[in-house]
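Its first residue numbered 11, the sequence shown is counted upward by one per residue in the numbering used here.
Reading through the structure tokens given below for one structure.
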Amino acid sequence: LDPTSAAAGAIDSVLYSNVFEGLTRFMSDGLVVPGLAESWEISDDGLIYTFTLQEGVTFHDGTTMDAEDVKFTLDRIIAEDSANAQKALYAAISEVNVIDPTTVEVKLSEPNGNMIFNLAWGDAVIVAPESIETIKQMPIGTGAFKFDSWTQGDKIELSRNPDYWGEPAKLTKATFKFISDPTAAFAAMMAEDVDAFSGFPAPENLPQFEADPRFQVLIGSTEGETILSTNNKMPPFDNVKVRQAVAHAIDRQAIVDGAMFGYGTPIGTHFAPHNPAYVDLTGQSAYDPDMAKALLAEAGFPDGFETTLHLPPPSYARRGGEIIASQLAAVGIKAEITNVEWAQWLETVFRGKNFGLTIVSHTEPLDIGIYANPEYYFQYDNPDFQALITKLNSTTDPAMRTEMLGQAQRIIADDYVNGYLFQLAALGVAKAGLQGLWANAPTQATDLTAVSWSE
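Okay, structure coming up:
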């Protein structure tokens, strides 16, 4: 349950903003606003960030949150042995100094135009040194809700933090249940066993909820690039022609229609279509099974080959995986499906890199920079791309950043790093009287801090 140490996105969804908070935070429209940092100043050369912390903040165990905790958290993220899934986002941090209990100075080795944005990620929430030994089972944060209990694979229970430093939560308790099966999700909502369901996995049932006055349906956008992740160092996927063949074997619209019942936008690169810097590259890897077969023959696989396809619990993966396996089989690629739980996925795929193909939705905002990390689970290693991202991170001019983001999108599309499928839609169902839920999902969070029941 430690979001700063390679936890699954489902954990971030529960704990981000509710239990843990960062120096900055995302709002429902994607804007970044002050969090545990009341304000900040950036030096003219962009190398020194001075944060002034909110006063009177305590952790759920009653201890004070101060500049020492911020220093501990950031030092832990950038440490050589750090297990933080997004460590690369904070690589520019060279030194963290405590000026006084409410003032922290963060020094960078080079300017980074994304730093305030990056500090809003769930990977950078502030934790206390005293809680590290037990944080994976008993998370202690500063948020409007306190952690009560965790029944692994079933539910996490939270309760309102009576000593919260900011606007108190309106709900007294919140229970997050883990239901990935679409049929079970539909049954639970119809029986009113649950009050709300974000990331609803049964889009085919949404019209039924829309017609039922007991419920409201929330449809918005997410940052979730859903991709057919490819192990770029595992033969034969180390051959770009093979990766290109896979891309042309996939009919994205058929996946959106078949797995998501039309909810989702096809993508051709790792970037959200609603972002102004998005480049539409879907035509570059258009569905063309004949071309896929020809590319396989050129790569030395005229009869295709066998590989593995690991599918985590979400319905976009399980349903989409069946469709993709069929599409791959049509060009001679036999993908053996292995359904895995998130813990297995993290161990085997994310950390172990022991996979051929997998399907996952990357719900972190503006995360194309992950392709600059050759140790990341899909193991893409392109020095030109890495240099571009380094330059992007130190660029603050908006027009130049947009241009470089376009270049980045084109490079990974040209290299066919992964099979880019679709942008996940935010699909939610809730009881009619529940208000304050986010329709959009600018980060992987189910933020309940402003949720309440109508009178």
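Glycine included, each C-beta is placed from N, C-alpha and C at the ideal position.
Between the CA atoms of valine 227 and asparagine 94 - distance to the nearest angstrom: 35 Å
Output the residue ranges of the alpha helix (DSSP H) runs that lie fully inside the region 394-449 and measure 4 residues or longer, sorted by chain position. 408-424
Give every residue of the same chain whose Cβ lies closer than 7 Å to the Cβ of tryptophan 448, excluding the five residues on either side of it in the sequence, and list them in chain order. Ser38, Asp457
When DSSP labels each residue in this structure, what does proline 299 get in the three-state scheme? helix
Where tyrosine 59 falls: helix, strand or coil (DSSP): strand
Other residues of its chain near leucine 129: CB distance less than 6 Å, five sequence neighbours each side excluded: Gly32, Leu33, Thr34
Please classify glutamate 233 as buried or exposed, where buried requires at least 16 other C-beta atoms within 10 Å of its C-beta. buried
With tryptophan 131 as the anchor, note down where its beta strand (DSSP E) starts and where it stops. Looking at the DSSP string, tryptophan 131 is not in any beta strand (DSSP E), and its letter there is neither H nor E.
For glycine 230, the residue or residues it bridges with in DSSP: Ala436
Between the region 178-188 and the region 95-107, can you find at least three pairs of beta-carbon atoms closer than 8 Å? no
In DSSP terms, what aspartate 110 is bridged to: Thr113
Run of the alpha helix (DSSP H) containing leucine 338, from where it starts to where it stops: 325-339
Identity of the residues DSSP links to serine 208 by a beta bridge: Gly438
Terminal residues of the continuous alpha helix (DSSP H) containing histidine 258? 250-259
Judging by CA-CA distance, which residue of Gly330, Leu356, Glu374 is the nearest neighbour of glycine 429? Gly330
Could you give the C-beta distance for isoleucine 237 and histidine 372, rounded to a whole number, given that I count them as a contact under 8 Å? 7 Å
Pair within 8 Å by beta-carbon distance, phenylalanine 127 and proline 452: no
Just verifying my parser: in three-state terms, what is the DSSP assignment at valine 10? Shown here, the chain extends from 11 to 465; a query on residue 10 therefore has no answer.
Okay, do the region 287-297 and the region 420-437 touch, 3+ Cβ pairs below 8 Å being the bar? yes
Is DSSP giving alanine 269 helix, strand or coil here? helix
Cβ contact check for the region 320-340 and the region 375-382: 3 or more pairs under 8 Å: no
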